[in-house]
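*Asks:*
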Amino acid sequence: MAPDTNELQAINTAWQIAIQEILRMVIRDMYHGAGEAAFSAHIKRIEEAAVDSIQTDLRLRGTSEWTEMLVKERASNFVTTLLTSFTYDRA
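For the sequence shown, the numbering used here begins at 1 and goes up steadily by one.
#1: Please classify glycine 33: does DSSP put it in a helix, a strand, or coil?
#2: For threonine 13, name the three-state secondary structure that DSSP assigns.
#3: May I ask you to report which of helix, strand or coil DSSP gives arginine 61?
#4: Contact check, valine 71 vs leucine 60 under 8 Å by CB: the rounded distance?
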């Protein structure tokens with residue numbers, strides 16, 4: 001029996017929160033020491049590189065062109081949303 005929609009949404013949301021928190025800690029630890037301007041520049045560089053990679057390198061086998069475009073668009077939006085949510089913590 002397939003999981004119901006609410007369960008799938010809960011799994012998806014939990015996965016997104018877990019990945020966001022892991023990335024937030026890794027990025028903070030890697031880039032915090034150089035100051036806020038450097039931190040922001042690193043985040044922007046990572047975002048641009050990730051979106052470019054999704055758009056140019058992602059190939060989904062066995063899917064239609066429409067599905068591939070939709071997945072790329074959503075993945076790119078997720079990257080941008082995730083990375084722009086990171087703020088420089090002065091603590």
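Backbone N, C-alpha and C fix where the C-beta goes; we use that ideal spot for every residue, glycine too.
*Replies:* A quick look at the data gives this:
#1: Taking the sequence shown and counting its residues from 1, the one referred to as residue 33 is at position 33. Reduced to three states, the DSSP call for glycine 33 is helix.
#2: For the purposes of this step, residue 13 is identified with residue 13 of the sequence shown, where counting begins at 1. Note: threonine 13 maps to helix in three-state DSSP.
#3: Within the sequence shown, numbered from 1, the residue matching residue 61 stands at position 61. Three-state DSSP puts arginine 61 in coil, outside helix and strand.
#4: Taking the first residue of the sequence shown as 1, we reach residue 71 at position 71. Taking the first residue of the sequence shown as 1, we reach residue 60 at position 60. Contact flag correct, Cβ pair sits at about 6 Å.
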